[in-house]
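For reference, the structure is listed below as structure tokens.
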Amino acid sequence: MRRILITGGDGLLAHALRTAPPTDDELFFLSRQDFDLTNPGQMQRHLDRVDPQIVINTAAYNLVDRCEQERELSWAINATGPEFLACRCAENSRQLIHFSTDYVFDGAKKSPYRETDPAHPLNRYAAGKYAGEQAVLRASPQHLVLRTSWVFDWHPTQTKTFVHTVLRAVREGRPLRSTTDQVSVPTFATDLARWTLELIRRPAAGLFHAVNDEAVSRFEWTKIILEEAVGAGLIPAAPPVEPVLGSFFNSAMRRPDYTVMSNEKLARLLGCTLGSWRNGLRKMLAQMK
Ligand SMILES: NC(=O)c1ccc[n+]([C@@H]2O[C@H](COP(=O)([O-])OP(=O)(O)OC[C@H]3O[C@@H](n4cnc5c(N)ncnc54)[C@H](OP(=O)(O)O)[C@@H]3O)[C@@H](O)[C@H]2O)c1
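To convert, take the position in the sequence shown, counting from 1, and add 1; that gives the numbering used here.
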């Protein structure tokens, strides 16, 4: 039996790991107050106490827009903290599993990004996450980095996902506008948790793109969420969605448009296709009911 320490214990992915089918491993979930990525002394104490063979770092500063203001804090959580963790884990032969983002790419490619494609972060969030993942990969050849995108799932208290945002707007009677030029792959956290645990069993190391199949624009994603929410009886009818371009929102922060990642490398390793997010969306909406 191995001991696995999981950071970011109150988050979406951590919840999916918590509810995954049990294995022989012993899981220790630590939330922000107990394992703060900006507090090296506290992290070291818990690493010594739990003495895990594996650390899964799900903690992150994910408020993309706010990273532009909270420049130091977001960097400490997304870059410096993971680097510290990766080095301490490497020194003690612990494997670190870390998560990164499709935002490391600039969107110029227009065909699915592979692990070998060069990154080019456009904003502070992306730069911090890129610095973090690269530090993890440098620290040890045993470490594993999974880049993912548009993560969604049901959570007992958290309602931050795009699915929640769309349904909240409908309930509050606000008009819906969604972008046709921002394209990526929604990923069901339950699936991401399952792949992660499977990779631990193998074991695997290095960089992988861990996303479901089927790329969509934000506009298409919004329409599908609405159709499925009607089917699930969560809303009586799907309101119209106005298609707009990303430039409509007039943000000073640059965002990549096209960040679809190819999951071929991971699918080959796992020996199966990774499947669409559609079943996951139905499961989430059923739980929301
Ligand atoms: N969600 C997405 O769409 C998405 C897309 C691409 C990549 N990812 C990556 O996937 C991974 C899992 O994300 P997720 O969706 O599970 O995110 P999440 O639900 O936001 O969970 C992240 C957790 O990290 C915690 N945290 C924040 N600051 C911390 C700190 N200083 N020390 C320790 N914990 C801290 C948060 O706690 P509080 O809530 O108390 O702040 C939260 O519980 C992350 O690496 C994320 O960057 C996510």
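Even glycine gets a Cβ: it sits at the ideal position worked out from N, Cα and C.
State the DSSP-derived secondary structure class of Ile-98, mapped to helix, strand or coil. Within the sequence shown, the letter at position 97 stands for residue 98. Strand, per DSSP.
Excluding the 5 residues flanking Leu-271 on each side, which residues of the same chain have their C-beta closer than 7 Å to its C-beta? The sequence position of residue 271 within the sequence shown is 270, counting from 1. Here the set comprises Trp-196 and Glu-199.
Per-residue burial, Glu-134 [other beta carbons within 10 Å of its own, 16 or more giving buried]: Counted from its first residue, the sequence shown places residue 134 at position 133. Result: buried.
Cα-Cα separation, Arg-67 to Trp-76: For the purposes of this step, residue 67 is identified with residue 66 of the sequence shown, where counting begins at 1. For the purposes of this step, residue 76 is identified with residue 75 of the sequence shown, where counting begins at 1. Between Arg-67 and Trp-76, the C-alpha separation is close to 12 Å.
If you drop the 5 nearest sequence neighbours on each side, which residues of the same chain put their C-beta closer than 7 Å to that of Arg-19? On the sequence shown, position 18 is the one that residue 19 refers to. Within the same chain, Arg-19 has close Cβ partners Phe-30.
Should Ala-21 be listed as close to ligand 1, given that the test is whether its C-beta is under 7 Å from any heavy atom? Taking the sequence shown and counting its residues from 1, the one referred to as residue 21 is at position 20. No - ligand 1 has no heavy atom lying nearer than 7 Å to the Cβ of Ala-21.
Take His-99 as the anchor and find which of Pro-119, Leu-227, Phe-209 and Thr-39 has the nearest alpha-carbon. Position 98 of the sequence shown, counted from the first residue, corresponds to residue 99. When each option's Cα is compared against that of His-99, the closest is Phe-209.
Within 10 angstroms of the Cβ of Ala-109, are there 16 or more other Cβ atoms? Answer buried if so, exposed if not. Sequence index remark: in the sequence shown, residue 109 carries index 108 (1-based). Exposed, since its Cβ has fewer than 16 Cβ neighbours within 10 Å.
Taking the straight line between their C-alpha atoms, what separation do you get for Ala-230 and Pro-237? Reading the sequence shown from its first residue, position 229 is the one you call residue 230. Reading the sequence shown from its first residue, position 236 is the one you call residue 237. In a straight line, the C-alpha of Ala-230 is about 9 Å away from that of Pro-237.
In this structure, how does DSSP classify Ser-185 when only helix, strand and coil are distinguished? Counting from 1 along the sequence shown, the entry for residue 185 is found at position 184. Reduced to three states, the DSSP call for Ser-185 is strand.
Under a Cβ-count criterion, where at least 16 other Cβ atoms within 10 Å of its own Cβ denotes burial, should Thr-95 be classed as buried or exposed? Against the sequence shown, residue 95 aligns to sequence position 94. A small correction: the amino acid at residue 95 is Arg; Thr does not occupy that position in the sequence shown. Buried.
Just checking Leu-38 against ligand 1 - is the residue's beta carbon closer than 7 Å to any of the ligand's heavy atoms? On the sequence shown, residue 38 is found 37 positions in, with the first residue counted as 1. Within the cutoff, so yes.
Using DSSP's beta-bridge definition, name the partner residues of Arg-295. Any answer about residue 295 is impossible in this case: the structure gives the chain only from 2 up to 290.
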